[in-house]
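Each step along the sequence shown adds one to the number in the UniProt record's numbering, with nothing skipped, and position 123 is 123.
For reference, the structure discussed in these notes is given below.
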Amino acid sequence: MLALISRGAAGTRADLARLTGMARSTVAQRVEALIEHGLVEETGAGASTGGRPPRLLRLDTARNCVLGVDLGATHCRVALMDIGGTILAASEDPVQIGQGPLSVLEHVDTRMHELLAEAGRPLETLKAVGIGVPGPVEFATGRPVAPPIMPGWHEYPVPEFFTGRYPVEVLVDNDVNVLALGERRFAYPDSAHLLFVKIGTGIGCGVVVDGHLHRGAQGGAGDIGHIRVPDAADALCRCGNTGCLEAVAGGAALAARLTAAGVPAATGRDVVALVNQGDGTALRLVREGGRIIGDVLAGLVNFFNPEVIVVGGVMARVHEPLLAGMREVIYQRSLPLATHRLTVVPSRSGEEGGVLGAGRLAIDHVLAPDHVNRALSPPTGAT
Numbered sequence: 001m002l003a004l005i006s007r008g009a010a011g012t013r014a015d016l017a018r019l020t021g022m023a024r025s026t027v028a029q030r031v032e033a034l035i036e037h038g039l040v041e042e043t044g045a046g047a048s049t050g051g052r053p054p055r056l057l058r059l060d061t062a063r064n065c066v067l068g069v070d071l072g073a074t075h076c077r078v079a080l081m082d083i084g085g086t087i088l089a090a091s092e093d094p095v096q097i098g099q100g101p102l103s104v105l106e107h108v109d110t111r112m113h114e115l116l117a118e119a120g121r122p123l124e125t126l127k128a129v130g131i132g133v134p135g136p137v138e139f140a141t142g143r144p145v146a147p148p149i150m151p152g153w154h155e156y157p158v159p160e161f162f163t164g165r166y167p168v169e170v171l172v173d174n175d176v177n178v179l180a181l182g183e184r185r186f187a188y189p190d191s192a193h194l195l196f197v198k199i200g201t202g203i204g205c206g207v208v209v210d211g212h213l214h215r216g217a218q219g220g221a222g223d224i225g226h227i228r229v230p231d232a233a234d235a236l237c238r239c240g241n242t243g244c245l246e247a248v249a250g251g252a253a254l255a256a257r258l259t260a261a262g263v264p265a266a267t268g269r270d271v272v273a274l275v276n277q278g279d280g281t282a283l284r285l286v287r288e289g290g291r292i293i294g295d296v297l298a299g300l301v302n303f304f305n306p307e308v309i310v311v312g313g314v315m316a317r318v319h320e321p322l323l324a325g326m327r328e329v330i331y332q333r334s335l336p337l338a339t340h341r342l343t344v345v346p347s348r349s350g351e352e353g354g355v356l357g358a359g360r361l362a363i364d365h366v367l368a369p370d371h372v373n374r375a376l377s378p379p380t381g382a383t
């Protein structure tokens, strides 16, 4: 019932009874429980079809908000959102993830209190915090696992940093999953099968299956940057292996190849700048990198059959040559049925995608049926 109300599909008790097939008495009992728990509120009267006008139901956004946190290698974006998805206040700061978890999370904690004050929301209205980090995460525990660019974060209990201080629930996921969730929710809500490919220093992929994130058994699904590619046996990857996709086609790899070709570039951002300046070598290498990525994605298209592949990350800023190379190989090497309606497009959510997805991660948890049912159920042994 809460899902129907939150989607706007049901606005009255009569709507809920009609859509669920439940008795009006059962609907009334459960709606009262949702109101008492503070998740739903009744507003003014709706249109009458004869008799007393019905009271309208909607999410109680005044008493329920979440925090979305997007942590990158060099940035921290934080947004306070109500459970309807409206941003109430937001901030962005340059923060080095390499400073370690305590310093970075203290910064997030400070921003959290500032945004709550700015929005005029007391701390008790904050129900959940969603955090995206640039490294592998064991989703069940919220702990980063051997993240290459996050020194000091391995197995750090990120949720406990907050839950030890506040009565709030915390969910932590890798940044690509969070980006996939944000892109799907805010740009492609009707796409049930989606791949979000982030191409920055490294390469990762968020997988949406039947409208839900697919994380795999421990949270490691979608790490395509470490798939071995042909003819790249000598390319050393930061993971310790050789021949990985990101060691050949990631932003750092393209910058190194440009430098070796006599065009100095230190990062993926430098590569983007050179392409935008019309440098022919940079343009050629970016398109070639797109073909290499497309070769890996062609296998995923045949295996998974997505509706849309969304490309984000710093390298997506030169999406025309990059996506041209990707499309060329994907459509050549994938089966016709799998590509019949497939689109390969740049991200629509841009730099805000991470924080929007982190907030959505928290909202989905607050509104999840299992979570709500546990909150509404009396403790074992209660009368």
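In this text, a Cβ means the ideal position worked out from N, Cα and C, and glycines have one as well.
Range covered by the beta strand (DSSP E) that runs through N174: Numbered from 1 along the sequence shown, position 174 holds the residue referred to as residue 174. Segment E169 to N174, the beta strand (DSSP E) holding N174.
Indicate the three-state DSSP secondary structure (helix, strand or coil) for V263 in the structure shown. Here residue 263 refers to the residue found at position 263 of the sequence shown. It is coil, neither helix nor strand.
Taking the continuous alpha helix (DSSP H) assigned at R18, which residues delimit it? Your numbering for residue 18 matches position 18 in the sequence shown. In the DSSP annotation of this structure, the continuous segment of the alpha helix (DSSP H) that includes R18 starts and ends at R13 to T20.
Taking the Cβ atom as the reference point for each residue, do V129 and V95 lie within a distance shorter than 7 Å? If you number the sequence shown from 1, residue 129 lands on position 129. If you number the sequence shown from 1, residue 95 lands on position 95. In this structure, V95 does not lie closer than 7 Å to V129 by Cβ.
Since G220 and P159 are thought to touch, with beta carbons under 8 Å apart, how far apart are those beta carbons, to the nearest angstrom? Translated into positions along the sequence shown, residue 220 becomes position 220. Translated into positions along the sequence shown, residue 159 becomes position 159. With a Cβ gap of about 19 Å, G220 and P159 do not count as contacting.
In the segment 159-210, which residue ranges form an unbroken alpha helix (DSSP H) of at least 4 residues, counting only runs that do not cross its ends? Correct list: 175-186.
Is it a yes or a no for the segment 345-358 touching the segment 18-31, going by three-plus beta-carbon pairs under 8 Å? Below 8 Å, too few C-beta pairs join the segment 345-358 and the segment 18-31 to call them touching: fewer than three.
Using only the alpha-carbon positions, how far apart do V272 and L300 sit? One-based indexing of the sequence shown puts residue 272 at position 272. One-based indexing of the sequence shown puts residue 300 at position 300. L300 has its alpha-carbon roughly 26 Å from the corresponding atom of V272.
Between the C-alpha atoms of D60 and T43, what's the straight-line distance to the nearest angstrom? Counted from its first residue, the sequence shown places residue 60 at position 60. Counted from its first residue, the sequence shown places residue 43 at position 43. Between D60 and T43, the C-alpha separation is close to 10 Å.
Quick one: does the C-beta of A192 sit closer than 6 Å to a heavy atom of the ligand GTP? Summarising the ligand content, the structure contains no ligands, and the ligand GTP is consequently not present.
E328 to R287, Cα distance in whole Å? One-based indexing of the sequence shown puts residue 328 at position 328. One-based indexing of the sequence shown puts residue 287 at position 287. Rounded to whole angstroms, E328 to R287 spans 10 Å at the Cα level.
Please return the same chain residues whose Cβ sits closer than 6 Å to the Cβ of E92, not counting the five positions on each side in sequence. On the sequence shown, residue 92 is found 92 positions in, with the first residue counted as 1. Taken in chain order, the residues that qualify are R77.
Is there contact between the segment 108-121 and the segment 144-156, where contact requires at least three CB pairs shorter than 8 Å? A contact between stretches requires three or more CB pairs, one per stretch, nearer than 8 Å, and the segment 108-121 fails this requirement with the segment 144-156.
Kindly indicate the opening and closing residues of the beta strand (DSSP E) around residue 384. This structure does not reach residue 384, given that the chain is present from 1 up to 383, and the question cannot be answered.
Which value, in whole angstroms, describes the spacing of the CA atoms of D234 and T242? Numbered from its first residue, the sequence shown carries residue 234 at position 234. Numbered from its first residue, the sequence shown carries residue 242 at position 242. Cα to Cα, the separation comes out at about 6 Å.
For the putative contact between L71 and I131, defined by C-beta atoms under 8 Å, what is the C-beta separation to the nearest angstrom? Residue mapping note: residue 71 aligns to position 71 of the sequence shown, counting from 1. Residue mapping note: residue 131 aligns to position 131 of the sequence shown, counting from 1. In this structure, L71 and I131 form a Cβ contact; the two beta carbons are roughly 7 Å apart against a cut-off of 8 Å.
CB contact check: R341 to chain C, cutoff 7 Å: Of the protein chains in this structure there is only one, and it is not chain C.
Rounded C-alpha distance that separates L57 from I309: Indexing the sequence shown from 1 puts residue 57 at position 57. Indexing the sequence shown from 1 puts residue 309 at position 309. Roughly 37 Å separates the two Cα atoms.
Which same chain residues, not among the five before or five after N177, have their C-beta less than 6 Å away from its C-beta? Mapped onto the sequence shown, residue 177 falls at position 177. Within the same chain, N177 has close Cβ partners G206 and L213.
F303 burial status per 10 Å Cβ neighbour count (16 or more: buried): As a first step, residue 303 is located in the sequence shown; it is residue number 303 there, counting from the start. Counting Cβ neighbours within 10 Å, F303 comes out exposed, since fewer than 16 surround it.
Collapsed DSSP secondary structure at R333 in the structure displayed: For the purposes of this step, residue 333 is taken as the residue at position 333 of the sequence shown. It is helical.
Which residues in the same chain have their Cβ closer than 6 Å to the Cβ of A3, if we skip the five residues on either side of it in sequence? The count along the sequence shown starts at 1 and reaches residue 3 at position 3. Counting only Cβ-Cβ distances below 6 Å, and skipping sequence neighbours, we find nothing.
Inspect the beta-carbon positions of G313 and I227 and report whether they are closer than 7 Å. Walking along the sequence shown from the start, residue 313 turns up at place 313. Walking along the sequence shown from the start, residue 227 turns up at place 227. Cβ atoms of G313 and I227: not closer than 7 Å.
Close beta carbons around R121, own chain, < 8 Å, minus the five adjacent residues each side: Stepping through the sequence shown from its first residue, residue 121 is reached at position 121. C65, L80 and L88.
Inspect the beta-carbon positions of T343 and Y331 and report whether they are closer than 7 Å. Here residue 343 refers to the residue found at position 343 of the sequence shown. Here residue 331 refers to the residue found at position 331 of the sequence shown. When the beta-carbon positions are compared, T343 and Y331 stay at least 7 Å from each other.
CB-CB under 6 Å to A253, same chain, minus the five flanking residues each way: which ones, in chain order? Counting from one through the sequence shown, the residue named residue 253 turns up at place 253. Same-chain partners within the cutoff: A247.
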